[in-house]
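Have a look at the structure below, then the notes.
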Amino acid sequence: MKYQIQVVLPFLSFFLAVINLNAQEKVEEEYRVKESEVPVQAQKWIHGTFGEMKGIKWYYEKSSGKASYEAKLKSDRKVYSIEFDTMGVIEDVEQKYEWNELESDIKTNLTKYFRSNYIKYKIIKIQKQYVGTATDLKNYIRQNEKEGITVNYEIEFHGKTQTENELWECLFSSNGELLQKKKIILKPANNLEF
Amino acid sequence: MRLRFLFILFFLSGIIMAQDSESYLGVVPEINLSYKLKTIKFNLKAESFQLFHTNADNPAWDYQYEQTDIQLFVSKKINPFIFLALGYQYGIEANDKNTHRSIQQFSYVFKPGNLKWGHRVRTDQTFYQSKAAKFRFRYRLSLKIPLQGQSIDYNEFYMVTSDEFLYAYQNKDQEYENRLALYIGYLFENSSKLQLGIDYRTDFSSEPLVHNYWIRLGYLVNLQ
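Chains A and F are the protein sequences, given in the same order. Just so we're aligned: the first sequence equals residues 1 to 194 in the working numbering. Just so we're aligned: the second sequence equals residues 195 to 418 in the working numbering.
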């Protein structure tokens, strides 16, 4: 019995690790909230960075068991999603981009990844993700100061492999290295399908 | 604002169109069960048409059983957006002359932003006991709109609106019908949905025009 457990456990943990690596799923839920319901620290960061602007939409999000607050806004013709933890500490700033707006190096590396991993693919949404301290992120948005900022690329796409044909969300480093891969789980739309 | 405008447009179009024509009002309770097995989905639907009012000949509030349809679909997911389905419908008619219908369906559901769109193309063939078979071609465009936040999450309201055009051919006769629908729905935590709304159907082939107003109450359940 003991021998069986010793043999089975490593196999089981390897199996679970493989599942975890290949089948991370993104099931996102978000609820619109009023600004007054958001932690004060997050409100202060937004207004300290973008000024007293109107039209900010606040959401409470739950994604893969993790809760956060998100502000969506448009400033200088750029669309931003800014994520905070439940205490109001900034986690990242995401900015929407089109494929043609990306630098040629990253485009080459991303194309290499897509072509070698998928038979067919179609990019749906590209966001540049900026990670750093609250001060660094504020300086980046206000003065384009890149010190202390890590840039990643979050890409939502439809990708077909030999075995799967799904929607994916991948996070790539600034040089196009894959950091994270999640399968996007859409809620059923039987009322549109049937 | 967007919602109020759609409601006004919907009801105005019904009132304007209802001039000098026949109209019927009824209720349709509906239950819809779905079961998913990897890329295959089974969908069982039962809906029953109960008529309550007519302005034809002798305007009256009067209950009349119309028909009950039981449909079974097997749908194959081709990719995250495209679904192909084959279906069968058994129709329990008021006159006891029940019908059989075979259905072929192509659906394209996509979500470019906060709204979910659905294109559905259907062909169906209905077989009657004492008359010629009816062949139909249908196209429906649907739009699902979250009413709270930017996506439809659990314990939230949403709206579905759709318009469908139908062409039917039966024994050298041709018919044209339009179906405009508007529903308010609620998504429960177990992924089931409750929908209430109106399905406004115009039959362009009859003289005078016939307008059917069906108040629909649907319960949609995802077993997996």
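Even for Gly, the Cβ is constructed at its ideal location relative to N, Cα and C.
Burial state of residue i, where buried means 16 or more other Cβ atoms lie within 10 Å
i	result
D290 (chain F)	exposed
N419 (chain F)	Within the shown structure, residues of chain F are numbered from 195 to 418, placing residue 419 (chain F) beyond reach of any answer.
Y140 (chain A)	buried
G312 (chain F)	buried
M353 (chain F)	buried
P306 (chain F)	exposed
T108 (chain A)	exposed
Y218 (chain F)	buried
L280 (chain F)	exposed
N22 (chain A)	Unreliable placement is indicated for N22 (chain A), whose pLDDT of 49 sits below 50; the coordinate value is still reported in the next sentence. Exposed is the call here.
Y59 (chain A)	buried
K235 (chain F)	buried
T396 (chain F)	buried
H405 (chain F)	buried
R316 (chain F)	buried
I185 (chain A)	exposed
T320 (chain F)	buried
W45 (chain A)	buried
A189 (chain A)	buried
Y69 (chain A)	buried
L16 (chain A)	At L16 (chain A) the pLDDT is 42, less than 50, meaning the model places this residue with poor confidence; the figure from the coordinates comes in the next sentence. The residue is exposed, with fewer than 16 neighbouring Cβ atoms inside 10 Å.
F398 (chain F)	exposed
A288 (chain F)	exposed
E177 (chain A)	exposed
V93 (chain A)	buried
Residue i: contacting residues in chain A (beta-carbon distance under 8 Å)
i	result
F277 (chain F)	E193
S385 (chain F)	K187, P188
F351 (chain F)	Near F351 (chain F) there are no residues of chain A at all, since even the closest Cβ is about 12 Å away, more than 8 Å.
S336 (chain F)	N191, L192
Contacts of residue i in chain F (Cβ-Cβ under 7 Å)
i	result
A71 (chain A)	The contacting residues do not exist; A71 (chain A) stays about 13 Å from chain F at best.
Y118 (chain A)	Per Cβ cutoff of 7 Å: no residues; Y118 (chain A) is ~12 Å from chain F at best.
Closer than 9 Å at the beta carbon, the chain F residues around residue i
i	result
N196 (chain A)	Summary: the structure shown does not reach residue 196 (chain A), with chain A confined to residues 1 through 194, and so no result is reported for it.
Y59 (chain A)	G343, Q344
K160 (chain A)	N273
Chain-ordered chain A contacts of residue i [CB-CB under 7 Å]
i	result
L414 (chain F)	N190, N191
N237 (chain F)	N190, F194
S228 (chain F)	P188, N190
G312 (chain F)	A189, L192, E193
K291 (chain F)	Chain A residues near K291 (chain F): none, gap ~26 Å exceeds 7 Å.
F331 (chain F)	Correct list: empty, because the minimum Cβ distance to chain A is about 17 Å.
F267 (chain F)	F194
V354 (chain F)	N191
V303 (chain F)	A189, L192, E193
Proximal residues of chain F, C-beta to C-beta of residue i below 8 Å
i	result
E30 (chain A)	G343, Q344, S345, D347
Assumed close pair residue i, residue j - CB separation to whole angstroms, cut-off 8 Å
i	j	result
R32 (chain A)	Q342 (chain F)	6 Å
Y348 (chain F)	E29 (chain A)	7 Å
P340 (chain F)	L167 (chain A)	Contact flag wrong, Cβ pair sits at about 18 Å.
G159 (chain A)	Y118 (chain A)	4 Å
Q24 (chain A)	K183 (chain A)	7 Å
G220 (chain F)	L245 (chain F)	4 Å
Y431 (chain F)	L388 (chain F)	Shown here, chain F extends from 195 to 418; a query on residue 431 (chain F) therefore has no answer.
Y153 (chain A)	Q129 (chain A)	7 Å
Residue i: contacting residues in chain A (beta-carbon distance under 9 Å)
i	result
Q389 (chain F)	N191
For residue i, the residue or residues it bridges with in DSSP
i	result
K198 (chain A)	As shown, chain A starts at 1 and ends at 194. That puts residue 198 (chain A) outside it, with no answer to give.
K235 (chain F)	F:K230, F:S269
I225 (chain F)	F:A240, F:Y413
E147 (chain A)	None, per the DSSP bridge assignment.
S217 (chain F)	F:H405
V131 (chain A)	A:T150
Distance cut-off 7 Å: residue i Cβ against heavy atoms of the ligand SAH
i	result
E369 (chain F)	As presented, the structure is devoid of all ligands, the ligand SAH included, so that no description of it is given.
Q | Ordered list of beta strand (DSSP E) runs contained in the segment 238-318 of chain F, each at least 3 residues | A | 254-271, 276-287, 293-304
Q: Please list the segments of the beta strand (DSSP E) lying wholly inside the segment 58-119 of chain A, counting only runs of 3 or more residues, in order along the chain.
A: 66-75, 78-84, 90-97
Q. Can you give, in chain order, each stretch of the beta strand (DSSP E) that sits fully within the segment 333-415 of chain F and has at least 3 residues?
A. 350-364, 367-381, 387-397
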